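Single-structure report; data block below.
See below:
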């Protein structure tokens with residue numbers, strides 16, 4: 009007898025087709041039967057050792073978070089309700105060109121410091137891996153939800169070249185090609201870049217193109233955080249489209265937004281650019297989060313030259329008054345490349361987290377507000393905080409536009425990604441709320457998307473991008489990664505004031521056919537594993 013039958017569910021199967029009533033049977037971690045309109049037809053209903061009454065609930069495939077920063081959280085926090093409670097059953101990590109494999113002892117320490125604001129310093133983690141394959145094996149010991157990995161181009165460059173702003177030598181480029189090939193062979197699904205973050209931003213297009221050729225040869229995709237989301241945003245998108253066309257590589261645009269005042273109302277220009285490329289045969293997709301503020305580290309807004317050489321060199325420059333004044337001029341007058349070419353507006357930068365608890369008073373205030381309280385220029389407040397917290401502070405940047413958010417999420421190649429940073433006392437609410445916020449706010453309340461269309465954006469589309477042949481749909485034979493939610497009540501509980509509040513209206517979540525959320529509560533099940541690249545047919 010099968011393990012589970014979910015009775016009388018309103019199945020939204022991920023294809024975009026209309027919902028239907030059905031009994032769905034699960035056994036051995038897969039969907040083994042779907043009986044449509046079983047009660048109405050009066051037919052023999054399937055039986056199982058356990059029955060779950062889903063009357064009034066929607067059954068959909070598990071949601072795929074196409075842009076996650078849970079690289080250490082999956083290891084640190086077995087509960088991981090931040091994602092499991094949203095209905096996320098698969099996260100794509102290794103984002104923005106910086107993560108923890110492949111590394112050697114030197115680069116591991118450098119990367120840990122550089123992205124402590126994203127993932128914490130990692131003092132509680134046993135870094136018993138160095139390669140991509142070893143990291144995926146570590147995930148296979150058991151995690152809350154599944155995870156796929158992107159090879160981080162910035163980490164690869166740090167390993168082969170270092171943190172210097174220069175072109176790679178031929179030998180160094182060969183080494184990077186080798187590292188990317190090894191990562192793909194070991195199961196990565198593609199490669200990411202952070203082209204406003206060091207050292208990845210020091211790579212010119214020719215270098216990136218060569219690495220994308222390697223990714224393409226394994227059937228993977230390139231996921232860039234490109235060079236600007238502010239001044240020059242459209243040109244930055246055009247650069248990525250042209251680069252991947254030259255390399256013959258699929259392109260997935262990370263957190264595809266049009267931010268800052270210069271881009272208000274300009275989403276249609278971006279979408280026209282993408283439509284033209286799609287019509288010409290490019291393979292492009294994108295992800296967004298359904299909020300207007302962005303989130304990153306405070307150090308990320310610095311000009312690239314100030315970060316050359318790695319975190320210790322950055323701190324040395326900030327400590328030197330003359331060099332610090334040059335940094336201020338680039339930030340406040342000319343527009344730093346780290347701040348997307350736009351002069352910084354300190355009243356839009358809110359401190360969301362710090363590494364040192366003694367600095368907690370900065371959290372929840374903008375840099376401008378803290379500067380006013382301290383009676384000093386905002387740059388001195390920011391500089392002092394970066395030095396005192398050794399580059400660890402995270403920030404919210406209130407620079408987005410609601411009309412752009414809505415336009416982009418309607419596009420036919422759109423998928424959902426939280427870009428959720430789980431560190432800090434007041435993280436961005438997208439970390440805990442992205443997927444129910446889509447369903448509750450943008451589907452039920454605003455009608456920007458239909459329920460069926462939105463579910464497709466969050467399930468089958470990302471599964472297709474990841475080339476996963478048995479995920480993303482409610483189909484017989486597919487993996488039983490499933491979500492049951494109440495369409496009348498599903499909503500994000502997280503807010504900017506209370507960002508760690510869990511969502512409502514998602515009583516059940518299954519990973520590999522096992523309940524990780526049951527009756528609204530986290531179980532002790534660790535059914536998640538590494539999801540490795542499926543080789544091309």
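Numbering (my numbering), first residue to last: 9 to 545. Ideal Cβ placement from N, Cα and C applies to all residues, glycine included. Please read these numbers as outputs of a predicted model, since none were measured by experiment.
{"Item": "Quick check on the DSSP output: what are the complete beta strand (DSSP E) runs of length 3 or more inside the stretch 177–235, in order along the chain?", "Value": "198–202, 229–233"}
{"Item": "Within the chosen definition, does the stretch 342–362 reach the stretch 233–245 through at least 3 CB pairs nearer than 8 Å?", "Value": "yes"}
{"Item": "In three-state DSSP terms, what is residue 445?", "Value": "helix"}
{"Item": "Any contact of the stretch 305–325 with the stretch 451–468, i.e. 3+ C-beta pairs under 8 Å?", "Value": "no"}
{"Item": "Please name the residue or residues paired with residue 503 in a DSSP beta bridge.", "Value": "In DSSP, residue 503 forms no bridge with anything."}
{"Item": "Find the nearest neighbour of residue 501 within the set 307, 87, 442, 53, judged by alpha-carbon distance.", "Value": "442"}
{"Item": "For the candidate residues 447, 355, 538, whose alpha-carbon lies nearest to that of residue 389?", "Value": "355"}
{"Item": "Go to residue 15, then tell me how far its beta strand (DSSP E) extends in each direction, as first and last residue.", "Value": "10–19"}
{"Item": "Let's see if you can read the secondary structure: which residues bound the alpha helix (DSSP H) around residue 139?", "Value": "Element bounds for residue 139: n/a, residue is neither H nor E."}
{"Item": "Look up residue 35 in the DSSP assignment and give the residues it is bridged to.", "Value": "38"}
{"Item": "Three or more C-beta pairs closer than 8 Å, one from the stretch 106–113 and one from the stretch 84–92: is that the case here?", "Value": "no"}
{"Item": "Provide the residue(s) that pair with residue 359 in DSSP beta bridges, ordered along the chain.", "Value": "403"}
{"Item": "Taking all protein chains shown into account, do 16 or more other C-beta atoms lie within 10 angstroms of the C-beta of residue 177, making it buried, or fewer, making it exposed?", "Value": "exposed"}
{"Item": "If we ignore side chains and look at the alpha-carbon of each, how far apart do residue 128 and residue 278 end up?", "Value": "34 Å"}
{"Item": "Beta carbon of residue 62, beta carbon of residue 16: below 8 Å?", "Value": "yes"}
{"Item": "From which residue to which residue does the beta strand (DSSP E) around residue 160 run?", "Value": "154–160"}
{"Item": "Beta-carbon separation of residue 66 and residue 515 under 8 Å?", "Value": "no"}
{"Item": "Helix, strand or coil: which one does DSSP assign to residue 303?", "Value": "strand"}
{"Item": "May I have the straight-line CA-CA distance separating residue 512 from residue 108, to the nearest angstrom?", "Value": "33 Å"}
{"Item": "Is the Cβ-Cβ distance between residue 344 and residue 311 less than 8 Å?", "Value": "yes"}
{"Item": "What first and last residue would you give for the alpha helix (DSSP H) that runs through residue 117?", "Value": "113–122"}
{"Item": "What did DSSP end up calling residue 292 once you bin it into helix, strand or coil?", "Value": "strand"}
{"Item": "Could you tell me whether the stretch 138–145 touches the stretch 169–186, using the rule of 3 or more Cβ pairs below 8 Å?", "Value": "no"}
{"Item": "Taking contact to mean 3 or more Cβ pairs, one atom from each stretch, closer than 8 Å, check whether the stretch 479–497 and the stretch 413–431 are in contact.", "Value": "no"}
{"Item": "Name the DSSP bridge partner or partners of residue 76?", "Value": "428"}
{"Item": "Can you check whether the CB of residue 37 is closer than 8 Å to the CB of residue 538?", "Value": "no"}
{"Item": "Whole angstroms is fine: what's the gap from residue 273's alpha carbon to residue 280's?", "Value": "13 Å"}
{"Item": "Rounded to whole angstroms, how far is the Cβ of residue 412 from the Cβ of residue 265, which I believe are closer than 8 Å?", "Value": "7 Å"}
{"Item": "Hey, how far is the Cα of residue 77 from the Cα of residue 53?", "Value": "43 Å"}
{"Item": "Using a Cβ distance threshold of 8 Å, determine whether the stretch 96–107 contacts the stretch 220–239, with at least three qualifying pairs required.", "Value": "yes"}
{"Item": "Is residue 299 close to chain D, meaning its C-beta is less than 8 Å from at least one C-beta of that chain?", "Value": "Absence of chain D from the displayed structure is noted, only one protein chain being present."}
{"Item": "Mapping DSSP to helix, strand and coil, what is residue 536?", "Value": "strand"}
{"Item": "Out of curiosity, what's the CA-to-CA distance linking residue 123 and residue 208?", "Value": "13 Å"}
{"Item": "Can you tell me which of 324, 432, 521, 395 puts its alpha carbon nearest to the alpha carbon of residue 359?", "Value": "432"}
{"Item": "Mind checking which residues open and close the alpha helix (DSSP H) that includes residue 89?", "Value": "89–92"}
{"Item": "With a CB to CB cut of under 7 Å and the five nearest residues on each side skipped, what residues in its chain are close to residue 187?", "Value": "110, 164, 167, 168"}
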